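Below is one structure, written out as structure tokens; comments come after it.
Number of protein chains: 2
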Amino acid sequence: MLQLKNVIACIFLITVSFCQLNAQHKIEQWDYFEISLKGTKSGNPFTDVKLSAEIRHADKTVTVHGFYDGEGVYKIRFMPDRKGRWSYVTSSNRKELNGKKGKFEAVAATEGNNGPVVVKNQYHFSYSNNKPYLPLGTTCYAWLHQDEKLQEQTLQTLKESPFNKLRMTVFPKYFDYNRAEPQLYPYVKKADGSWDFTRFNPAFFRNIEKRVKDLQALNIEADIILFHPYDKGHWGFDQMPREASLHYLNYVVARLSAFRNVWWSMANEFDLMKHKSLEDWESYFALIQEKDPYKHLASIHNGDINVLYDHSKPYITHVSVQSPNLKEAISWRKFGKPVINDECEYEGNLPMPWGNISGEELVHRAWQGYGYGIYVGHSESFEDNVIWWSHGGELKGESAARFAFLKQVMQETSPEGLDVFEPDNWLWLRFAAAKGDSAFVYYFGEHQPARWHFIHGKKTAEYSVDVIDTWNMTINKVEGKFKNGDSIPLPGKPNIALRLMEIKDRAGAQ
Amino acid sequence: MLQLKNVIACIFLITVSFCQLNAQHKIEQWDYFEISLKGTKSGNPFTDVKLSAEIRHADKTVTVHGFYDGEGVYKIRFMPDRKGRWSYVTSSNRKELNGKKGKFEAVAATEGNNGPVVVKNQYHFSYSNNKPYLPLGTTCYAWLHQDEKLQEQTLQTLKESPFNKLRMTVFPKYFDYNRAEPQLYPYVKKADGSWDFTRFNPAFFRNIEKRVKDLQALNIEADIILFHPYDKGHWGFDQMPREASLHYLNYVVARLSAFRNVWWSMANEFDLMKHKSLEDWESYFALIQEKDPYKHLASIHNGDINVLYDHSKPYITHVSVQSPNLKEAISWRKFGKPVINDECEYEGNLPMPWGNISGEELVHRAWQGYGYGIYVGHSESFEDNVIWWSHGGELKGESAARFAFLKQVMQETSPEGLDVFEPDNWLWLRFAAAKGDSAFVYYFGEHQPARWHFIHGKKTAEYSVDVIDTWNMTINKVEGKFKNGDSIPLPGKPNIALRLMEIKDRAGAQ
Chain A
316 MLQLKNVIAC
326 IFLITVSFCQ
336 LNAQHKIEQW
346 DYFEISLKGT
356 KSGNPFTDVK
366 LSAEIRHADK
376 TVTVHGFYDG
386 EGVYKIRFMP
396 DRKGRWSYVT
406 SSNRKELNGK
416 KGKFEAVAAT
426 EGNNGPVVVK
436 NQYHFSYSNN
446 KPYLPLGTTC
456 YAWLHQDEKL
466 QEQTLQTLKE
476 SPFNKLRMTV
486 FPKYFDYNRA
496 EPQLYPYVKK
506 ADGSWDFTRF
516 NPAFFRNIEK
526 RVKDLQALNI
536 EADIILFHPY
546 DKGHWGFDQM
556 PREASLHYLN
566 YVVARLSAFR
576 NVWWSMANEF
586 DLMKHKSLED
596 WESYFALIQE
606 KDPYKHLASI
616 HNGDINVLYD
626 HSKPYITHVS
636 VQSPNLKEAI
646 SWRKFGKPVI
656 NDECEYEGNL
666 PMPWGNISGE
676 ELVHRAWQGY
686 GYGIYVGHSE
696 SFEDNVIWWS
706 HGGELKGESA
716 ARFAFLKQVM
726 QETSPEGLDV
736 FEPDNWLWLR
746 FAAAKGDSAF
756 VYYFGEHQPA
766 RWHFIHGKKT
776 AEYSVDVIDT
786 WNMTINKVEG
796 KFKNGDSIPL
806 PGKPNIALRL
816 MEIKDRAGAQ
Chain B
316 MLQLKNVIAC
326 IFLITVSFCQ
336 LNAQHKIEQW
346 DYFEISLKGT
356 KSGNPFTDVK
366 LSAEIRHADK
376 TVTVHGFYDG
386 EGVYKIRFMP
396 DRKGRWSYVT
406 SSNRKELNGK
416 KGKFEAVAAT
426 EGNNGPVVVK
436 NQYHFSYSNN
446 KPYLPLGTTC
456 YAWLHQDEKL
466 QEQTLQTLKE
476 SPFNKLRMTV
486 FPKYFDYNRA
496 EPQLYPYVKK
506 ADGSWDFTRF
516 NPAFFRNIEK
526 RVKDLQALNI
536 EADIILFHPY
546 DKGHWGFDQM
556 PREASLHYLN
566 YVVARLSAFR
576 NVWWSMANEF
586 DLMKHKSLED
596 WESYFALIQE
606 KDPYKHLASI
616 HNGDINVLYD
626 HSKPYITHVS
636 VQSPNLKEAI
646 SWRKFGKPVI
656 NDECEYEGNL
666 PMPWGNISGE
676 ELVHRAWQGY
686 GYGIYVGHSE
696 SFEDNVIWWS
706 HGGELKGESA
716 ARFAFLKQVM
726 QETSPEGLDV
736 FEPDNWLWLR
746 FAAAKGDSAF
756 VYYFGEHQPA
766 RWHFIHGKKT
776 AEYSVDVIDT
786 WNMTINKVEG
796 KFKNGDSIPL
806 PGKPNIALRL
816 MEIKDRAGAQ
């Protein structure tokens, strides 16, 4: 008995150990593998130590850069973009970090892991596994810099919201309504009390990573704003010399790029950062291009609504716009890339016009964007100690529920998005219209026709018609089948969308 | 007795005759004097006969062209721009019309006769007697071409409306909802049934004159549209050769320019008249410049909202714009002239977007215009047999009452109009703000701040504050006196205007 018991115990231990070993070496595709090494704490590990790894698959080799995580710990993170066996070998100017080898296996992604979002069909997005992704973002710029409890509340609010992208800054924010010092700082200080831009504070970045992973668990993309002007020398993070900025970008990319839900927003209101030149921005993008092996989505957001960055640059994957004037959407599409208007002004009541439009107006603009084949972001800014736009917390406005309704309509109408047809038609300077594979959406906005003469359909198709009240969130089916040339009755009131869906036979073919 | 009776009768007759004689020779300043002469009916009097008059005052000499009014009657009309004695002598290539002399006296204008409207203070207007004129126009394009009863109804509606300018076409209109033939045509036909562009139909023009005078009696300016594209060859009045167009303009100017309430709108949607070149338009304006002795206000209205005529041309007195995008108003002011947005889309429910915005939206745009120091026109287009926008008739919408309210606010706030201050301030790309001599108006539109930080006032002045609900037509005074730097509470809802009026002491000085 005793012997048998020992044998069983032994088998049990072996099994557990094997499973643990196995668990360490298997990750899901698009999850991340982390190599953790012990090294020196002396000198300035952030600048003195070079560390990278060559990571190989049958089909490809990737070079990934490591980073110093404090306390003598060095890490390299890697997100496999395909299933199968991977191996790695490290390179370093430090013997103890050099030539380390290992293997792991990337296995099939499970439910909820769809990989990074990528550009699809020129003007749209999908996850890497081809599942459609229709961006519906919101903004809590400085939520990472609030206290733990508020961060948790923000996550809870996001969980119950329709939003699947969040704009957030790496650096803390010093601005109206944002005068509190953050919980953590990105740098440590020198003896003279000034910031040491060569020495990062790993705890600051670990918090960002934790929150990026929290967002990942909620299927929310983290639109990470790398620079912003809301500092004005208070800390000086907006005015670092180019070398310090590149050092910072190296560190951020090394730490964060293995998270599949990361997007790079190079700056918020780049044109308001008067200390930075076009050459600076280009050098930053060049670094990201070089060091981010996954080529995460990358863009840059304007301040002056008439000063867009040149989004035709090859390093920019999609157009990020601040503008309240959605009727210009077709012009933004002329860059030939997906367009996200991140900031068409927020629902709220602040004195500043970017933060005080009515819920109706924000919902109107979101629908305009939808009708022009672009994507519009949400946020809220009701005057209070805690304001969603920057701090997170709770939603108080009327628009979020309508964004949820819009999301439902978007998903059921054309999960791959809509595209403008006849982009030079004068009508679309007046109101929005776009089509999907087998659907047309006209969003009339402030226009209130009593009928619509439908002339854009296929000559041979029949369409079902829905009249959508975008504010009251109703979808009323119009009786009958409609075809090209038909006149469709409408309620003659504002904020109505008209949707026509091609009627296919039961087999799905026409 | 008998003798006395005869003497009295004689005195009476002499008095009557003298008065009649006197009446014939006295007109009000800015009224018109008409010389009527009998001449030939033979040949083509419209082309064969040249007739003009030199009309002299102590201070000036004016050359005025006559016109053939049919039935052997030739007329010359003249509007004196100053009081005093005037004399004339005619010139003609016909002996019976040549060398006719006469005199008349221009006396002081009476109540309601303020003379022609002119440009004042660069961006605004006044009557010639300096009385402020704040244009608040509406449009009934083809009302002159409807039946008598409808024309009378239109006048009655205008009488009860706040509008003081009316856009109207000379030529009849052939367009959606406008397929009926007009009561009268501008030309007579040739034997082959085609229009004879050399022979006018005087009855057609007499009706226009009658209606221009009817409008004058209502203190409404007649914004006369000389060409328009809504014909497309149905009659061909849009496609006449340049010579015929100039012949037409000569005739119209000779007939109409002596009416003080005439404005020349060279065309509606000039850019949609593909048969006309820039040279054509310039030749037309050159003719008007030469032949209109009074230099009535003159402009030209675009079709494509992105194709404005070059309003910097010296022959254009004010900017006439079609555009729904009122936030571009500051750019229209860059021509350095008064701006009238004649067509920011109409309240209605037609399928076409220019004719189906909500009343709320039209009122919003009118207030935006006011807040940007420009002027916005009204019209209505609810689908029916009779539509105000073209036919006249009755008003059915909700905006006209709000235009009356706006007019009241305009008059009491700053009768000489408002001007944009800090035109490059980014705020005014978001909402409208302008100031008058001693008033500030902020129109927040879709913005709904809960308070406004007032920083544009004079450092030493105090202001009374009104919160204006532009849709509900209420003016709520905020208790207290406000000065620069103060925060002003606002209701935090859309479509609010904030007005600050400088408080002057009782003597009117500060």
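Protein chains in written order, with this note's numbering: chain A, 316 to 825; chain B, 316 to 825.
We put the CB at the ideal spot given by N, CA and C, even for glycine.
Since this is a predicted model, take the numbers as computed values, not measurements.
Residue j beta carbon less than 8 Å from that of residue i
i	j	result
G674 of chain A	E662 of chain A	yes
Y685 of chain A	V756 of chain A	yes
L721 of chain A	V432 of chain A	no
N576 of chain B	I540 of chain B	no
P738 of chain A	I645 of chain A	yes
F393 of chain A	V404 of chain A	no
N810 of chain A	G760 of chain A	yes
A457 of chain A	K488 of chain A	yes
T453 of chain B	S802 of chain B	no
G551 of chain B	L587 of chain B	no
Y566 of chain B	F515 of chain B	yes
From the options, residue whose alpha carbon lies closest to that of residue i
i	options	result
L665 of chain A	A:S705, A:H633 and A:A644	A:S705
E817 of chain B	B:K808, B:G807, B:P809 and B:S779	B:S779
S714 of chain B	B:S729, B:A681, B:H771 and B:G427	B:A681
E584 of chain A	A:K505, A:I603 and A:D546	A:D546
F382 of chain B	B:E349, B:D374 and B:L742	B:E349
E906 of chain B	B:K591, B:N576, B:V568 and B:L593	The requested residue 906 of chain B does not occur in the structure, where chain B is confined to residues 316 to 825.
H616 of chain B	B:G692, B:G760 and B:T469	B:G692
V634 of chain A	A:Y347, A:N429, A:P450 and A:N359	A:P450
F520 of chain A	A:S572, A:Y347 and A:V782	A:S572
L815 of chain A	A:A765, A:S753 and A:H762	A:S753
N543 of chain B	B:S476, B:A518, B:D511 and B:W579	Sequence check: residue 543 of chain B is His here, not Asn. H543 of chain B has its Cα closest to that of B:W579, out of B:S476, B:A518, B:D511 and B:W579.
Below-8 Å beta-carbon distance, residue i vs any chain B residue
i	result
N671 of chain A	yes
A812 of chain A	no
G807 of chain A	yes
Q763 of chain A	yes
E768 of chain A	The amino acid at residue 768 of chain A is misidentified as Glu; the sequence shows His. Yes, because at least one Cβ of chain B sits closer than 8 Å to the Cβ of H768 of chain A.
N640 of chain A	yes
E426 of chain A	no
W682 of chain A	no
Burial state of residue i, where buried means 16 or more other Cβ atoms lie within 10 Å
i	result
D363 of chain B	exposed
E369 of chain B	exposed
A424 of chain A	buried
F478 of chain B	buried
V622 of chain B	exposed
E386 of chain B	exposed
K750 of chain B	buried
N444 of chain A	exposed
Q825 of chain B	Model confidence at Q825 of chain B stands at a pLDDT of 41, short of 50, so the residue's coordinates are unreliable; what they give is reported in the following sentence. With fewer than 16 other Cβ atoms within 10 Å, it is exposed.
D462 of chain B	exposed
K642 of chain B	buried
Min CB distance residue i to chain A below 8 Å
i	result
D619 of chain B	yes
A666 of chain B	In the sequence under discussion, the amino acid at residue 666 of chain B is Pro, which differs from the Ala named in the question. Answer yes: the Cβ-Cβ gap between P666 of chain B and chain A drops below 8 Å somewhere.
L744 of chain B	yes
E698 of chain B	yes
E676 of chain B	yes
W704 of chain B	no
W786 of chain B	no
My parser needs the alpha helix (DSSP H) runs of 4 or more residues fully inside the region 679-724 of chain A; what are they? You should have 703-706.
**Asked** In chain order, which beta strand (DSSP E) runs of at least 3 residues are fully inside the region 584-651 of chain A?
**Response** Taking only runs of at least 3 residues, the beta strand (DSSP E) segments lying wholly in the region 584-651 of chain A are 634-637.
Runs of alpha helix (DSSP H) wholly within the region 410-494 of chain B (minimum 4 residues, chain order): Fully enclosed alpha helix (DSSP H) runs of 4 or longer: 463-474.
What runs of the alpha helix (DSSP H), each 4 residues or longer, lie entirely inside the region 505-557 of chain A?
Those alpha helix (DSSP H) runs which fall completely within the region 505-557 of chain A and span 4+ residues are 517-532.
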